[in-house]
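Undergrad: Here it is, the structure, as structure tokens.
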Amino acid sequence: MRLYKIGFMLWLCVSAVNALAQIATLKSPDEKIAFQWWMTEGRLYFEVTKAGVPVIEKSPLVFSIDGKVLTADCTVFASQSYEVNETYAVRGVHAQAVNQANGLKMKMKSNSGKDFTVEARAYNDGIAFRLLYSGKPGMKLVPDEQTTFVLPAGSRMWYHDMYAHYEGIHQQKEITEVKEGEWAAPPVTVELPESQGYACITEAALKNYAGMSLQADGQCGLVTRLGHAQPAGYPFAHDYSLEEAVRLSVPAAIEGDILTPWRSIIIANDLNGLVNTDLITNLSPAPDKKLFPRGVHTDWVKPGRSVWCWLDGGERTVEGMKEFSRLAGELGFEYNTVDAFWYKWTDEQIKDLVDYSARFGVKIWLWRHGRDVRDPQKRKELFDRCQRLGIAGLKLDAFSHESKEFVDLYQACLKEAAEHKLMLNIHGSNKPTGELRTWPNEMSREGVHGLEYGKHQFEWTVHNVTLPFTRFVVGAGDYTPVIFGERRLETSWCHQIATALIFNSSVIFFGAHPQSIGDNPAADLFKTMPAEWDETIVLPDSKIGKVAAFARRKGETWYLAVLNGKEERTLQFPLSFLGEGWYEGTVYKDRPGDGASIKKERVFCRRTDSLTGMMRSGGGYIVRFTLKNK
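In structure tokens, the structure reads:
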């Protein structure tokens, strides 16, 4: 009956298109979010509201094949509704994801006689849509898109341009101030006018297609631009050639069916809802059970913490890396990541390091440049070698383009690494699009302006209190957190440590030398620090670019982690997130006169209590709560 009613509504509206332009409305399960489709003179538009408040105003959906726009002169001839209702294990901000949505597929015909399907889903925390064009086997066609997301006037957005690919520094502007032609790398976080909540525009399930960026039209709209149309930024120029840039600027052809990624809009009342969204993984395919029989809990996929010899010194030899593994073991860390200097080592030297590290419960990751995995045979030889030598994972670098060719490379690396039981951390990368669910062996990816830029970064503070509500909304990021030396610039030690607790990464690749971690007053905190969480609560004092205050739980242990912005501040933190019983809290806080120090205190508290955190400019505040008496 439901299918019949929606189909009838579509037929009625299209047959009387001049009288009624709205062709379909899809609502979220809680009926608060409405996703509406419109037809005006044969052109397809959409708009999104929450509780009647505009999130995306009427916007054109523009999709073309071989240069001909299919959505400019089209009609609907059939429709089908469906529901999604499942839960699944996930890593990151919480342990269990809820996937509940209402869906709609509209079959459409263009004026040229070509059929295509528009599919939409409405969730309680957002909406998404994609297009399917059924191609013929052996025939190659070139898709493109110029869909626009029109934001309400008065919206504020946080975004960065494409010069550094996905490693830019966010700026904040009202949408009316964003000039025509400005680039915005997703995810783009938006605060709606009059404190009506938040939205975040990005994409999900990116495969067999070019990645999506956005470009302002100067009229409150952000226009979809695929990988070939994006600037070849500094990271690409650093690692590749002009000839490569020119070649990849041509739109890519796709053989057979063309299925776009989900164009996704996360919608939340507050920052807690924004951070806890499951939208991006919900829209991504479940993992292959043959490769991942237990999904994210497959036995060889192990979250954890890694030391890394690059940012903070260390002897770049086999013996030096043995020392790093020994120190990692003393900290209880699971991994040691060896950078490019291993290239000249023999198999015997690598195996010697692997075996020695195993004595301390430590496994080895190896860095490799992306150029070395573009050729399938060389990639296979590398993965075979790593599996034979007992390597746990690879840090692959320099994937700094969103052309279909590079997107295909991501997918090939993830699949073939899984076949060899290798975990991956991809650097020089684009934004996550739900790979965490489809490929649980992706433990992290860069796509973020992290501590590797320290010597050239003019200020960390505002950047760090912006990232939890922008880049990290859509997935894990390898920021390489924590430095105690000069690279931390104006931030305090507490601020640095809090980034490791707030910035999600299923393997935390620490920037600091393991000896400096072990010598730090907070060494006991590092030894117990989780890399995945059962529960996350963003506390009400949080504000983008000002304060990021998170309460996070792993088992029965809670952590309160706060990143402070530029202004000194004192905040009161009610402990209502705690469970029943008495907790012993270890407090790590700034010393006002010295950012390179930590003051530790012990407290006893219950969920009815509050703690007061006093933070310097660029400071932080951390408490670990251990349950002592239920």
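Residues -21 to -1, 1 to 609 (mature numbering (1 follows the signal peptide of the UniProt record, and there is no 0)) are what the sequence shown spells out, left to right.
Here a beta-carbon is modelled for each residue, glycine too, at the ideal position from N, C-alpha and C.
1) Label V602 either buried or exposed according to how many other C-beta atoms from any shown protein chain fall within 10 Å of its C-beta, with 16 as the threshold for buried.
2) Evaluate the contact criterion for the stretch 162 to 179 versus the stretch 215 to 228: three or more CB pairs, one atom per stretch, below 8 Å.
3) Please identify the residue among A76, Q75, Q79, A99 whose C-alpha is closest to the C-alpha of K86.
4) For R581, count the other beta carbons within 10 Å of its own beta carbon; 16 or more makes it buried, fewer makes it exposed. Which is it?
5) In the DSSP assignment, find the unbroken beta strand (DSSP E) run with T155 in it and report its ends.
6) Quick one: measure Cβ to Cβ for A101 and A80, integer angstroms, because I've assumed they're closer than 8 Å.
7) Give a yes or no on whether the C-beta atoms belonging to V427 and E146 are separated by under 8 Å.
8) Give every residue of the same chain whose Cβ lies closer than 6 Å to the Cβ of F215, excluding the five residues on either side of it in the sequence, and list them in chain order.
9) Output needed for E395: all residues of its chain with C-beta closer than 8 Å, excluding positions within five of it in sequence on either side, in chain order.
10) Is DSSP giving S43 helix, strand or coil here?
11) So does the stretch 383 to 403 actually touch the stretch 243 to 262, counting three or more Cβ pairs closer than 8 Å?
12) Taking the C-alpha atoms as reference points, what is the distance between F529 and E234?
13) Can you check which of these residues, T54, H73, T66, is closest to S91 by C-alpha distance?
14) Among the candidates V121, V69, K29, whose CA atom is the shortest distance from the CA of N248?
15) Alpha helix (DSSP H) containing Y213: first to last residue?
16) Assuming L504 contacts F482 under a Cβ cut-off of 8 Å, what Cβ separation, rounded to an integer in Å, is found between them?
17) Please name the residue or residues paired with D123 in a DSSP beta bridge.
18) What span of residues does the alpha helix (DSSP H) with K357 cover, start to end?
19) Should K342 go down as buried or exposed, given a rule of 16 or more other Cβ atoms within 10 Å for buried?
20) Mind checking whether G407 and A371 have CB atoms under 8 Å apart?
21) Quick one: complete beta strand (DSSP E) runs, 3+ long, within the stretch 79 to 120?
22) My assumption, with CB atoms under 8 Å, is that W137 sits in contact with T181. Please give the rounded CB distance.
23) Mind checking who F552 pairs with in its DSSP beta bridge?
24) Count the other C-beta atoms from every protein chain shown that fall within 10 angstroms of the C-beta of residue 610, then say buried if there are 16 or more, exposed otherwise.
25) In whole angstroms, what is the alpha-carbon distance linking S423 and Q390?
26) Give me the Cα-Cα distance between A232 and D123, rounded to the nearest whole angstrom.
27) From V97, G206, D498, pick the residue whose C-alpha is nearest to that of A189; which is it?
28) Could you give the DSSP three-state label for H442: helix, strand or coil?
29) On the premise that D520 lies in contact with H73, defined as a C-beta separation below 8 Å, what is that separation, rounded to the nearest angstrom?
30) Can you tell me whether K47 is buried or exposed, with buried defined as 16 or more other CB within 10 angstroms of its CB?
31) Have a look at Q125 and E161 and give me their C-alpha separation to the nearest angstrom.
32) DSSP puts M18 in a beta bridge; with which residues?
33) Rounding to the nearest angstrom, what Cα-Cα distance links G200 and M118 in this structure?
34) In three-state DSSP terms, what is C199?
TA: Taking the definition as stated:
1) Under the 10 Å beta carbon count, V602 is surrounded by 16 or more other beta carbons and is classified as buried.
2) Verdict: no, contact absent.
3) Answer by Cα proximity: A99.
4) Flag for R581 reads exposed.
5) Run containing T155: none; DSSP gives neither H nor E here.
6) That pair is a contact at about 6 Å.
7) Contact: yes.
8) For F215, where only same-chain residues beyond five positions count, the Cβ hits under 6 Å are S379, H380.
9) Cβ within range, chain order: R358, K359, F362.
10) Reduced to three states, the DSSP call for S43 is strand.
11) No: the two stretches stay apart, fewer than three of their Cβ pairs being nearer than 8 Å.
12) The straight-line gap separating the alpha-carbon atoms of F529 and E234 is approximately 46 Å.
13) Considering only alpha carbons, the answer is T54.
14) With respect to the C-alpha of N248, the residue from V121, V69, K29 having the closest C-alpha is K29.
15) In the DSSP annotation of this structure, the continuous segment of the alpha helix (DSSP H) that includes Y213 starts and ends at 213 to 218.
16) So it is not a contact: roughly 15 Å between Cβ atoms.
17) Paired residues: S43.
18) If you look at K357, you'll find it in the alpha helix (DSSP H) that goes 355 to 368.
19) Burial call: buried.
20) It is not a contact, given that the beta carbons lie outside the stated cut-off.
21) Here the runs fully enclosed are 94 to 102, 105 to 112.
22) About 13 Å separates the beta carbons of W137 and T181, which is beyond the 8 Å limit, so they are not a contact pair.
23) Per DSSP, L590.
24) Because the chain is modelled from -21 through 609, residue 610 falls outside the range shown and cannot be assessed.
25) When rounded, the distance between both Cα atoms is 15 Å.
26) Those two C-alpha atoms are separated by around 10 Å.
27) Ranking the options by Cα distance to A189, first place goes to G206.
28) Three-state result, H442: helix.
29) Contact doesn't hold; Cβ gap of about 21 Å is too wide.
30) That one is exposed.
31) The straight-line gap from Cα to Cα measures roughly 15 Å.
32) Among the bridge pairs identified by DSSP, M18 is matched with L23.
33) Each residue's CA atom was taken as its position, placing G200 and M118 some 34 Å apart.
34) In this structure, C199 counts as coil in the three-state DSSP scheme.
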